[in-house]
Structures are given as C-alpha cells and as structure tokens.
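Numbering (my numbering), first residue to last: 9 to 471.
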C-alpha cells in the first residue's frame with residue numbers, strides 16, 4: 009500500500025503545498041495565533057537582518073508614489089512601473105508597513121522573512137497586486153529572484169530556502185506565480201484560512217490555484233528540508249477555529265483512487281454525512297452517490313453555530329476499494345465546503361498486510377492518520393499515541409519512504425501512520441512532534457469493524 013507523498017488529501021495539498029515555501033506561510037500562523045504587533049525572532053545574533061524595520065531605518069528613503077522606499081534602482085523601477093499599486097498600498101494600513109519593510113531588504117531573505125513575521129496580513133488585494141507588479145517589472149532591481157520565494161519561512165532558514173529554490177527547476181514556476189496577481193491573490197486567500205475547506209475555496213475567489221500547484225510540486229519536492237516544510241509548530245496551544253460563515257452548510261467530496269498518480273475519480277461511492285458522536289449514523293444528515301467525476305454533494309449539514317459541521321462521512325465504495333469513514337478533526341468554516349479524499353484499493357490494502365506479515369483479524373477495524381503542521385502540510389518526525397490501545401494484536405505502523413514500515417518510529421514527509429487490527433470502539437489519538445515534545449493535535453474517532461477510519465490531525469484548537 010504505497011502512500012503517495014500528498015496522502016489522502018491530494019487536491020487540498022496540491023493547492024496549498026506551496027504555502028510553506030512560496031507564499032505567506034507565516035501569515036497563516038499569525039492568523040491562527042491571533043498575534044498582534046512585533047514577534048521576537050529566534051535567531052539571537054545581532055545583525056541588520058534581525059528586524060526588517062532596522063534595515064529600513066538605516067537607509068535613506070524616497071517617496072515612491074506614497075510609499076517610503078530606499079534610494080536606488082528598486083525605488084526608481086517601482087516608481088515608474090508600479091505607481092498605481094504603490095499608491096493603493098500606501099493607503100492600506102496593513103499593506104504599507106509590510107511592503108515598506110520588504111522593499112528595504114533587497115536580496116536579504118532573512119530580512120524579508122522577518123518583515124513577514126512582523127507584519128501579518130490576510131486576504132488583502134493590495135499586497136498581492138503590488139507584489140505581482142514588482143515581480144513582473146522590477147524583480148531584478150529589487151532583489152526578488154524567483155519572486156518572493158524564500159521570504160516565507162523562518163528567518164534563520166530563509167536564505168537556505170531561497171538558495172534552494174533559486175538553484176532548482178522550482179525557480180521558474182515560482183516566479184510565474186509571483187508575477188500573476190491571480191496566483192498571489194489565491195495564496196493570500198489560502199493563508200488567511202486555518203481550515204482546509206476554507207483554503208480549498210480560495211480558487212473561486214478570483215485566484216489561480218493552477219499556478220500555485222505548478223510551483224508547489226517542484227518547490228515542495230526539491231526544497232522540502234531547506235524550507236522546513238512540515239516542521240512548523242508555532243501555533244500549538246494557540247489555535248482558534250474560525251466561525252462558520254453560515255448556519256446552513258453543505259460539502260462536496262471529490263473521491264479519488266490513492267494508487268493512481270492523478271487520483272483517478274471513483275464513481276459509485278455511497279456517502280453519508282453523520283453528526284459528531286452518532287456512530288450509528290441514524291438517521292444520516294445527508295446521503296448521495298459519487299458521479300463519474302468522483303464527486304458527491306451532501307447538503308443539510310447540522311453545525312453547532314458559531315462553529316461549523318464537525319462530524320464524519322461514511323464512504324461505501326465499490327468492492328474494489330476499502331470501505332472508509334472520514335472523521336473531521338476541524339469544523340468546516342465555509343458554506344459550500346469542498347474536500348478531496350482518497351480511497352484505498354482493496355488489493356493494495358491486502359498486499360500491505362502481506363508485506364508486513366500481519367494477518368487481518370475478523371471483527372477489527374483499521375485507522376489511517378495523516379498528521380499536519382501549523383501550515384496544514386504533512387508533518388514528518390511526529391509520534392502518534394492512541395489512548396487505551398493495549399490489545400497486543402493491534403499494530404501501529406508508520407510510513408517510511410512512501411511505504412508502511414514496521415521499523416519506522418515516527419512519520420515521514422507523508423505524515424502518515426496506520427493502526428491495524430484495532431478493536432471496535434472509541435479511540436483518541438494524540439500527535440507529538442519530536443522537535444517539541446508537546447502535543448500538537450488530538451482527535452477522537454470510532455473504529456468500525458471491517459472499515460478504515462481516516463483522520464487528518466491538524467493542530468488542535470484551544471478549548
């Protein structure tokens with residue numbers, strides 16, 4: 009049962025995997041953290057890049073269409089090429105401090121990353137519009153190789169991240185995204201969202217998620233370690249779920265085949281939406297069957313407003329796939345939510361038991377967990393601990409290099425771990441990153457006999 013790197017939520021990660029390396033990653037964290045004001049950077053070395061504002065203060069600036077920009081070729085270029093966007097940004101109290109700081113940094117990406125940390129923004133129009141103009145007309149003059157790229161990780165990793173992107177095939181698609189206002193808007197929208205359904209909706213908000221996807225695949229694959237992808241735990245113990253945008257919600261599930269590279273659609277899946285805690289799903293809130301595109305819409309989702317629906321979905325596919333239950337570890341936040349889920353072929357599942365020398369036991373269920381970090385990216389080096397799982401026939405198997413491995417003791421970049429031959433009943437799961445030793449996520453699910461329970465462990469909201 010080989011696990012593709014993007015796991016069971018391929019389309020969501022397709023759209024936002026770029027977030028950790030190409031667009032506004034720490035902005036998402038600040039939204040989740042509800043941080044106000046400046047942030048202390050972890051790097052204790054005193055230098056001009058310890059704070060982007062220090063760099064700006066040390067330079068003489070000129071008025072570039074209302075925005076203070078250091079004298080030089082960057083100021084001259086943006087004044088002549090991006091004056092309209094500069095003026096709009098200067099009038100925006102959230103755009104002006106960020107862009108003033110960024111334009112002072114030039115090619116110093118630790119400085120750029122510090123600017124982003126100190127000036128959180130959300131789904132604004134002025135920032136992505138100005139960024140796209142600068143990347144299109146003045147990226148050389150303003151030191152923006154590959155667009156913003158390495159500006160959006162932690163300052164002590166930013167230059168290494170940028171160098172990796174700049175010296176790899178990821179540079180061209182990264183610059184293409186940065187030069188597109190639609191792509192930049194899509195990224196900003198996604199980073200303002202602490203839940204996957206909100207992020208998945210961003211493409212319909214005037215954005216361009218295809219450009220994000222093209223850049224994400226290359227940058228995410230080639231610069232995973234230098235850009236610290238899947239290792240951001242800054243939001244732990246600070247997460248606050250967003251309120252639902254409506255008291256009436258529906259979800260459209262896109263169901264694909266895990267074993268295929270393009271997540272081939274799975275038709276004929278009988279789906280039921282169930283209330284949280286209603287393991288019998290009687291009666292279901294909504295039912296439907298996936299069409300030839302693998303899509304099924306489930307309306308009439310009941311929520312505990314102001315938070316949205318947080319139940320589960322029973323998925324009974326054709327016999328070629330393992331019947332599954334997907335548990336939400338987060339409340340849906342948008343009115344018309346969209347999620348992409350993968351189904352495991354029965355032959356792949358059976359082969360995994362054979363390869364692991366494990367016999368599937370009658371009357372038992374199985375669990376597939378995908379751990380995510382604060383940027384909603386699959387997290388590596390995480391241990392998952394289930395409460396009360398003492399049955400010696402139950403097995404916990406992590407994924408290593410894309411395959412379940414009995415020797416692995418924590419997650420690999422897929423973020424995946426399997427719990428096999430689990431007795432039926434309630435199971436609470438805890439995710440603990442090796443880097444912090446502090447629990448990042450917890451979720452309670454119910455294990456059904458003969459079914460695969462699936463859950464994405466996002467960092468858990470505070471009580």
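Think of the CB as a built atom: it goes at the ideal place given N, C-alpha and C, for glycine as much as any other residue. Note that the coordinates shown come from a computational prediction; the quantities given were computed from them, not determined experimentally.
Those residues which DSSP pairs with residue i across a bridge
i	result
residue 401	None, per the DSSP bridge assignment.
residue 380	386
residue 344	258
residue 303	262
residue 464	378
residue 426	376 and 405
residue 320	282 and 335
residue 69	78
residue 87	Paired residue(s): none; residue 87 is not in a bridge.
residue 469	247
residue 309	257
Boundaries (first-last residue) of the alpha helix (DSSP H) holding residue i
i	result
residue 195	189 to 199
residue 104	103 to 113
residue 134	134 to 145
residue 96	91 to 98
residue 240	Run containing residue 240: none; DSSP gives neither H nor E here.
residue 204	204 to 208
Unbroken beta strand (DSSP E) run spanning residue i, endpoints
i	result
residue 335	332 to 335
residue 282	278 to 282
residue 180	Segment 179 to 186 is the alpha helix (DSSP H) holding residue 180; no beta strand (DSSP E) there.
residue 76	75 to 78
residue 412	411 to 413
residue 295	294 to 297
Residue closest to residue i, alpha-carbon to alpha-carbon, out of the options
i	options	result
residue 384	166, 290, 303 and 421	421
residue 424	435, 256, 203 and 375	375
residue 344	117, 317 and 357	317
residue 78	118, 94 and 108	108
residue 153	282, 408 and 187	187
residue 417	185, 170 and 390	390
Own chain, CB closer than 7 Å to residue i, minus 5 neighbours either side, in chain order
i	result
residue 364	405, 412 and 414
residue 209	342 and 346
residue 127	105, 106 and 109
Three-state secondary structure (DSSP) of residue i
i	result
residue 173	helix
residue 358	helix
residue 458	coil
residue 436	strand
residue 396	coil
residue 315	coil
residue 117	helix
residue 451	strand
residue 290	coil
Cut-off 6 Å between Cβ atoms - residues of its own chain near residue i, not counting five sequence neighbours on either side
i	result
residue 41	Summary for residue 41: the model assigns pLDDT 29, below 50, so the residue's position carries little reliability, and this model does not support an answer.
residue 266	350 and 352
residue 280	289, 292, 295 and 322
residue 335	320, 453 and 463
residue 114	151
residue 206	341 and 342
residue 50	The pLDDT assigned to residue 50 is 32, lower than 50, so where the model puts this residue is not dependable; a value taken from the coordinates is nonetheless given after this. Result list for residue 50: empty, nothing under 6 Å.
Own chain, CB closer than 8 Å to residue i, minus 5 neighbours either side, in chain order
i	result
residue 286	319
residue 53	Confidence in residue 53 is poor, its pLDDT being 34 and thus under 50, which makes the residue's placement unreliable; the coordinate value appears in the next sentence. Answer for residue 53: no residue qualifies.
residue 304	260, 261, 263, 277, 279, 296, 297 and 298
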